[in-house]
Structures are given as C-alpha cells and as structure tokens.
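Chemist: Before I ask anything, here is the structure I am working with.
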Amino acid sequence: MLARLRPTLDFMPSPVPDKPGLLIRDPFYFSDATLIIPPVLVESLTYFDGAHSSLDLREHLVRLTGDLDVSGLEQHLIDTLSDAGFLEDERFFQRKEEAERRFANAPTREAVHAGTGYPQNPIELTVTLRGYLNGNGAAAATTDHVRAIAAPHVSPYGGIDSYRAAYASLTPADAERTFVVLGTSHYGQSDRFGLTRKAFVTPFGETSTNLGLVDELAGAAGDGALMEDYCHAIEHSIEFQVVFLQHLFGPSVRVLPILCGAFSRGMQAGKKPDDDEAVRRTIGALGEIAAREGDRLLWVLGVDMAHMGRRYGDRFEAAADRGEMESVARRDRARIERMEDGDASGFWEQVRENRDDLKWCGSSPIYTFLRSMPDVRGSLLHYQQWNIDPQSVVSFAGIRFHS
C-alpha cells in the first residue's frame, strides 16, 4: 500500500507564473521542502490516501500517459514526496521525532518568523514598530485600569491599525507585570493547551518566562496541557505579540505563553468547550491564577477574526468592507459585543452558529480569557478588514479589557 500523504500539509495554487500546478509545503517545519506538482500529476496525489496500492497508481499513470512503462515516473513521484517528508512513512516519522526532540532539548524558543513576518535586523525592527505605533517608543496612556488587550496575530503589516489601537492601551507602568499571552494554536490538538518553559528569542533578545506559573498551570491541568508542545516552535500567534511587548518594555519582558487549541468538541450542538474535562480543568486553573495574581498579570490575546473568500473555501470573491463583507462586519461586531460584556457563553453560542462559518481564528483564546476573567469588560478600539489577496479577506480588531 502507498503511504498516506500528510493531511497537515499546506496546499495552494502555485504562485510561480512559469511553474503552474499545486504548491505543497509543511507548516510544521518538519521539512523545509516546497514542491510544485505539475497540473497533469495533481490527480495522482489522490492515490496517496492509505487505501490505494502502487499497482493502483501505476494503472492511473498508464491511463494518464498512454505509456505501459511508467515505473520510472511512479518511483520518481513516490521518492520525491518521501524525500520531502510529505508522506506518512518511516522516513517522515523519524524526521518528526528528531524535530520534536530538538525543540524539547533546546534551551530557548528561537524566532522562526523574523525576516518574513517582521524585519530580522533589530534596528530596522525598532524603526518599523515605531512607525506602526505612530513613532512612539511607548504606548499612549489610558484612563481605564487595563487588565488585557486583544490584538491580531496576522503578520503586523496587515493589521497595523488594530495592533496600534491595542498596544496604545499599555503604559511604561506595565513593564513589571507578567504578560499572559494566549495564542491561537493553528496546528495543535483541538481540545488541549500548549505550554513551554522556554524563553522566546527574537531580534530584540531573550524574554523571561514566568516558570513558577508555567509549572503551576501544568500541574493543575494534567493532560489538559502539553508541556514543551512542539507547536510553540512554529506558531506565530505568540511570537508576534512578544515582539511588540519587547519593543515597548525591553527584551527581558516576563511572559506566560499559552497556546489554545481549537475547541472542536465545543462546536457540537449544545456543547461548550469546558464540557470537556481537560479543558475545564485547565481554564479553572487559569481562573485561580488570575484571581490570586490580580494586577501582577496583564493578558494579551493574539487573535484574528473572520476568514472569508476564495482562499478559505468560500464561493465568493471577498472585498474588504464591501458586498458580503458588510454582513460579516455586522456579525463580527455582534461577537465583539459579547466580548465587551464579558459574556463567554453568549460569545460561544454565536461562534457555534453554522459551525463558525465566519471561520474566526481566535475564538479559543477569547473564550479561555472570558471564562478565566469573568469580571472584566471590554472596549472595542478599532475594527478592520484586510484583503490578504484580491479574493480573500481577514478581519481583526484592537480591544482593551478593564475591570
């Protein structure tokens, strides 16, 4: 039987004009390979489903080429996919185990998005972030007692106005607080949280991780949280927040980084995320920490909102603030109102509507925060939509939460 093509790979049309086809890459970074499968061979990938044999593939290639001798093409296709680490075969599982071991043994969590999501050079990064924050090295003061902010986790250039609005709520007086950064786990287990004791390294330097709180949460959560979750090694939703925090408060800013799974069980009719015992236990532990630590913590939610248009499987071409996206804006704002009211249950009821056809990428950190901090209230600072490509839109916001 042919090994299965890994379902966690990214697939998209080739962006290279003179190389049409299907582009495949590994978002987990187990492999740094990128393949472009020619259009004529794309259908051949369907035979790598764990249910077809090499004979099935060979028969398909004979029909495709009209040539009885396709053994060379068949082996080339299998070897290419295997060498790239794209098949669930022995070579991939060895590669995966080695990558997870390297991360677990590494002393720090290294920056993986510097040079792509933001500048690699620290001077250039400082200039860039100052520009994002209207030239200020520190954010503007606010009269509210700020307990948390929500900012995008899109690459900063796409959500500048929302990043600016959220981080303008922080002041130099916040520098000594521990920043509980709740990020969206794009690749982790859906009903689990991901923890790490590692300090985050960016072009600015190395953070300080609040190890006492990490260990306390890990102990209370049990199997609800995965320690040294490999997803931390590749995830951007926390890394982008760390960069902004370091810009404002220095490289050694103290953080408690937590990745929140997608809460897929909570999407079932009548269900809430914490109907799952492991989720309930972890959120309960976070609530106890929040109540005890009080103002020593400031929460940062790395969340994007709706994902609409061709890129995300919709049949329409999405344009920011126009057409279908006007209705999306109204529905986004209805969810934001529940966030402002601190209404975790009402928020989740809206998320479950049509099994989240808005495809919010941040619902789990928001729900986790609202359940952990039930007494906070929020204020929308800025809402925006952005065309990530000519046919697709992402929405996000800057929100401040206060007691």
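Sequential numbering from 0 applies to the sequence shown in numbering that gives the first Met the number 0. Cβ coordinates follow ideal geometry from the N, Cα and C atoms, glycine included. Source: prediction; values computed, not measured.
Drop a sphere of 10 angstroms on the beta-carbon of residue 209, count the other beta-carbons inside from all chains shown, and report buried for 16 or more, exposed for fewer.
Modeler: Looking at its Cβ environment, which holds 16 or more other Cβ atoms inside 10 Å, residue 209 is buried.
Chemist: Can you tell me whether residue 77 is helix, strand or coil according to DSSP?
Modeler: Here residue 77 sits in helix by DSSP.
Chemist: Residues bridged to residue 298 by DSSP?
Modeler: BP columns for residue 298 point to 147 and 179.
Chemist: Using 8 Å as the threshold, is the C-beta distance between residue 63 and residue 1 below it?
Modeler: Taking 8 Å as the Cβ cut-off, residue 63 and residue 1 do not qualify as a contacting pair.
Chemist: Give the single residue among 294, 50 and 361 whose Cα lies nearest to the Cα of residue 152.
Modeler: Nearest C-alpha to residue 152: 361.
Chemist: Thinking C-alpha only, which one of 314, 176 and 400 is nearest residue 391?
Modeler: Measuring from the Cα of residue 391, the nearest candidate turns out to be 314.
Chemist: Can you name, in chain order, every residue of its own chain whose Cβ lies under 6 Å from the Cβ of residue 232, other than the five neighbours on each side?
Modeler: For residue 232, where only same-chain residues beyond five positions count, the Cβ hits under 6 Å are 102.
Chemist: Report the rounded CA-to-CA distance for residue 376 versus residue 370, giving the unit in angstroms.
Modeler: Spanning the two alpha carbons is a distance of roughly 12 Å.
Chemist: If you reduce the DSSP assignment to three classes, tell me which class residue 120 lands in.
Modeler: In this structure, residue 120 counts as coil in the three-state DSSP scheme.
Chemist: Taking the alpha-carbon positions, what's the residue 161 to residue 396 distance?
Modeler: Rounded to the nearest angstrom, the two C-alpha atoms are 5 Å apart.
Chemist: Rank 54, 297 and 29 by C-alpha distance to the C-alpha of residue 74 and give the top, closest one.
Modeler: With distances taken between Cα atoms, residue 74 lies closest to 54.
Chemist: State the start and end residues of the unbroken beta strand (DSSP E) segment that holds residue 398.
Modeler: Element bounds for residue 398: 391-401.
Chemist: Is residue 36 near residue 15, with beta carbons less than 8 Å apart?
Modeler: Cβ distance not < 8 Å, so residue 36 and residue 15 don't count as in contact.
Chemist: Where does residue 223 sit, in a helix, a strand or coil, going by DSSP?
Modeler: Note: residue 223 maps to helix in three-state DSSP.
Chemist: With distances taken between CB atoms, is the gap from residue 4 to residue 44 smaller than 8 Å?
Modeler: Yes. Within cutoff.
Chemist: In or out: residue 290 buried (at least 16 other Cβ within 10 Å) or exposed?
Modeler: It is exposed - the Cβ of residue 290 has fewer than 16 other Cβ atoms within 10 Å.
Chemist: Can you say whether residue 394 is buried or exposed, counting buried as having 16 or more other CB atoms within 10 angstroms of its CB?
Modeler: Result: buried.
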